[in-house]
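Novice: Count along the sequence shown starting at 1, add 131, and that's the number in my numbering.
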Amino acid sequence: MQKQRVLLLSEGFGAGHTQAAYALSSSLRKVSPNVQTKVLELGSFLNPRMAPLIITAYKKTLSSQPRLVRMMYRSNYKKSLNRLTTLALHRIFYTHTTQLVKQIRPNVIVCTHPIPSAVISRMKRLGLDVPLCTVITDYDAHGTWVSREVDCYLVSTNQVKDRLLERGVEEARIRVTGIPVHPSFWERHHSKDDIRLKFGLADMPTVLVMGGGWGFMKDEAVNTLLARYCDRIQLIFCFGSNTKSLQRMEDDPRFNHPNIHLMGFTKEIDKLMEVSDLLITKPGGMTCSEGLAKGIPMLFHKPLPGQEEENSQYFASQGWGTPITGLHVITEWMSQLTDNYEEVKHNRQRVIEQIKRYHPMQSAQAIIDVLEHKEGAVH
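#1: Could you check where the alpha helix (DSSP H) with PRO245 kicks off and where it finishes?
#2: Helix, strand or coil for MET394 per DSSP?
#3: In or out: LEU403 buried (at least 16 other Cβ within 10 Å) or exposed?
#4: Quick one: is PRO262 buried, meaning 16 or more other Cβ sit within 10 Å of its Cβ, or exposed?
#5: Looking at the structure shown, is THR268 part of a helix, part of a strand, or coil, going by DSSP?
#6: What residue range is occupied by the uninterrupted alpha helix (DSSP H) comprising GLU473?
#7: Which of the three DSSP states, helix, strand or coil, is assigned to ILE455?
#8: Where does GLN230 fall in DSSP's three states?
#9: Would GLU142 be called buried (16 or more neighbouring beta carbons within 10 Å of its own) or exposed?
#10: Between the alpha carbons of ARG385 and ILE364, how many angstroms are there, rounded?
#11: Return the residue from the list VAL406, THR456, THR337, VAL281 that minimises the CA-CA distance to PHE316.
#12: Going by the CB atoms, is the gap between GLY371 and GLY416 shorter than 8 Å?
#13: Give the straight-line distance between the Cα atoms of PHE431 and ALA358, rounded to the nearest whole angstrom.
#14: Taking VAL300 as the reference, give the member of VAL286, HIS313, GLY309, VAL312 with the closest Cα.
#15: For ILE499, name the three-state secondary structure that DSSP assigns.
#16: According to DSSP, is HIS490 part of a helix, a strand, or is it coil?
#17: Could you pull the start and end residues of the alpha helix (DSSP H) that THR374 belongs to?
#18: Is it right to say SER325 is buried, meaning 16 or more other beta carbons lie within 10 angstroms of its own, or is it exposed?
#19: Return the first residue and the last residue of the alpha helix (DSSP H) that SER141 is part of.
#20: Would you check if there are 3 or more beta carbon pairs closer than 8 Å linking the stretch 301 to 315 to the stretch 277 to 293?
#21: Below 8 Å on the Cβ atoms is my contact criterion, and I expect MET429 with LEU458 to pass it. Report the Cβ-Cβ distance as a whole number of Å.
#22: Hey, would you say TYR284 sits closer than 8 Å to LEU296, going by beta carbons?
#23: Excluding sequence positions up to five away, which residues of its chain have a Cβ less than 7 Å from the Cβ of LEU377?
#24: Going by C-alpha to C-alpha distance, which of VAL250, ASP269, GLY147, PRO237 sits closest to GLU440?
#25: Determine whether the beta carbon atoms of TYR391 and LEU366 lie at a separation below 8 Å.
#26: Provide the residue span of the alpha helix (DSSP H) that contains ARG294, from first to last.
#27: Are LEU171 and ILE240 closer than 8 Å when you measure CB to CB?
#28: Quick check on PRO179: buried or exposed, where buried means 16 or more other Cβ atoms within 10 Å of its Cβ?
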């Protein structure tokens, strides 16, 4: 039987989009051994010199001019990418992307970021006959995701589905699947002791602090407050790719304690979430979804303008997360962990029961359905 080829395209603007692509890739291979997958960050693959410069500029804009980013997000909220933008993307990407598609000959293309989705959409308008699935990796639907050429949208919630319907997307083209996370986040490890032994952790109330894929977490007031509880609460700080912040904290004597663990980039966040009782994080769509799969309560630190603000509001409305509106929020949770630890663990099990409807393979199965529909149409 001929293998079915799935090309997954993302971009490097935040780690979540590409993580979603790799999560889908893993799930697709689990659902069907007849599927081959290829994951690419389109801009980085086609222009490896320019892409890092653009991403660095984007990061600086996010951190230095959040009001401008928020204004741009809101002013274009209901708008698809305009004709001029799509033409520019076409000029930048079209020739190389066409060659890429001809070389790989995918049976379906999956995009986890609006830019490759827009590029493939334009190629479809010009004659490309390959189904396009677009995975919206947040708990909101900005207009830049929307294109008539998308054959199937995979979305996180019914609320996101409703927003697509309001923008004229046919209901038949929308599947509510949850955001795809790696299957490992849905696994319930039989021995937490083995995980603790591997990472040198104690069996005690534990807080995991994450700064997102770009390591934005460097709030002096928050970190100092957390360190005051290290005799009673274990702290794990994950800095992602932010090696400067990691080095700065390693050199700070306040964080030199047996119950404080400082880590850089790791691919084993699923295990750290498993043995942690509270997650403090940026509310990126992927991180929120991974935390939800583990049922871990979350505190959201300074959401970035746009999608992160929407993610924070959605999770707060569902009772799955709390924005850090002041240091008192952290103090209250530290008290919960020290005084009502059993109740915290019980509430976590309740959330795990609540979210069983977000089966980890739903997104992969939706893509398999598109493949089978196309194959059926051919025959």
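We treat Cβ as the ideally placed atom computed from N, Cα and C, and that holds for glycine.
Specialist: By the coordinates alone:
#1: Here residue 245 corresponds to residue number 114 of the sequence shown, with the count starting at 1. The continuous alpha helix (DSSP H) containing PRO245 extends over residues 245 to 256.
#2: For the purposes of this step, residue 394 is taken as the residue at position 263 of the sequence shown. Residue state, collapsed to three classes: strand.
#3: Against the sequence shown, residue 403 aligns to sequence position 272. Label assigned to LEU403: buried.
#4: Taking the sequence shown and counting its residues from 1, one reaches residue 262 at position 131. A residue is called buried when at least 16 other Cβ atoms come within 10 angstroms of its Cβ; PRO262 meets this threshold and is buried.
#5: The residue given as residue 268 occupies position 137 in the sequence shown. In the structure shown, THR268 adopts coil according to DSSP, grouped into three states.
#6: For the purposes of this step, residue 473 is taken as the residue at position 342 of the sequence shown. Start and end: 472 to 485.
#7: The count along the sequence shown starts at 1 and reaches residue 455 at position 324. ILE455 falls in the coil class under three-state DSSP.
#8: Here the question's residue 230 lines up with position 99 in the sequence shown. In this structure, GLN230 counts as helix in the three-state DSSP scheme.
#9: Here residue 142 is taken as the residue at index 11 of the sequence shown, counted from 1. Within 10 angstroms of the beta-carbon of GLU142 lie 16 or more other beta-carbons, which makes it buried.
#10: Within the sequence shown, residue 385 is the residue found at index 254, counting from 1. Within the sequence shown, residue 364 is the residue found at index 233, counting from 1. In a straight line, the C-alpha of ARG385 is about 15 Å away from that of ILE364.
#11: One-based indexing of the sequence shown puts residue 316 at position 185. Of the listed residues, the one whose Cα sits closest to PHE316 is VAL406.
#12: Residue mapping note: residue 416 aligns to position 285 of the sequence shown, counting from 1. Residue mapping note: residue 371 aligns to position 240 of the sequence shown, counting from 1. Inclusion of GLY416 and GLY371 in the CB contact set at 8 Å is not warranted, their separation being larger than that value.
#13: The residue labelled residue 431 in the question sits at position 300 within the sequence shown. The residue labelled residue 358 in the question sits at position 227 within the sequence shown. The alpha-carbon atoms of PHE431 and ALA358 are separated by roughly 18 Å.
#14: Position 169 of the sequence shown, counting from 1, holds the residue named residue 300. Among VAL286, HIS313, GLY309, VAL312, the Cα nearest to that of VAL300 belongs to VAL286.
#15: Here residue 499 refers to the residue found at position 368 when the sequence shown is read from its first residue. Of the three classes helix, strand and coil, the one that applies to ILE499 here is helix, per DSSP.
#16: What you label residue 490 is simply residue 359 of the sequence shown in a count that begins at 1. Coil, per DSSP.
#17: Taking the sequence shown and counting its residues from 1, one reaches residue 374 at position 243. THR374 -> alpha helix (DSSP H) spans 374 to 381.
#18: Against the sequence shown, residue 325 aligns to sequence position 194. Looking at the sequence itself, residue 325 is Asp, so the reference to Ser does not match. Counting the other Cβ atoms within 10 Å of the Cβ of ASP325 gives fewer than 16, which makes it exposed.
#19: Position 10 of the sequence shown, counting from 1, holds the residue named residue 141. SER141 -> not in any alpha helix (DSSP H); beta strand (DSSP E) instead, spanning 135 to 141.
#20: The stretch 301 to 315 vs the stretch 277 to 293: in contact.
#21: Taking the first residue of the sequence shown as 1, we reach residue 429 at position 298. Taking the first residue of the sequence shown as 1, we reach residue 458 at position 327. The Cβ separation is near 17 Å, so there is no contact.
#22: For this step, residue 284 is matched to residue 153 along the sequence shown. For this step, residue 296 is matched to residue 165 along the sequence shown. Contact flag unset, no.
#23: The residue labelled residue 377 in the question sits at position 246 within the sequence shown. Closer than 7 Å at the Cβ level, and outside the excluded window around LEU377, lie PHE370, LEU393, GLY395.
#24: For the purposes of this step, residue 440 is taken as the residue at position 309 of the sequence shown. Cα-wise, what sits closest to GLU440 is ASP269.
#25: Sequence index remark: in the sequence shown, residue 391 carries index 260 (1-based). Sequence index remark: in the sequence shown, residue 366 carries index 235 (1-based). What sits at residue 391 in the sequence shown is Ile, not Tyr. Yes, Cβ-Cβ distance for ILE391 and LEU366 is below 8 Å.
#26: Translated into the one-based positions of the sequence shown, residue 294 becomes position 163. Run containing ARG294: 289 to 297, per the alpha helix (DSSP H) assignment.
#27: Along the sequence shown, read from residue 1 onward, the residue named residue 171 stands at position 40. Along the sequence shown, read from residue 1 onward, the residue named residue 240 stands at position 109. When the beta-carbon positions are compared, LEU171 and ILE240 stay at least 8 Å from each other.
#28: As a position in the sequence shown, residue 179 is number 48, starting the count at 1. Residue placement at PRO179 is poorly supported in this model, since its pLDDT is 49, which falls under 50; the coordinates are not used for a value here.
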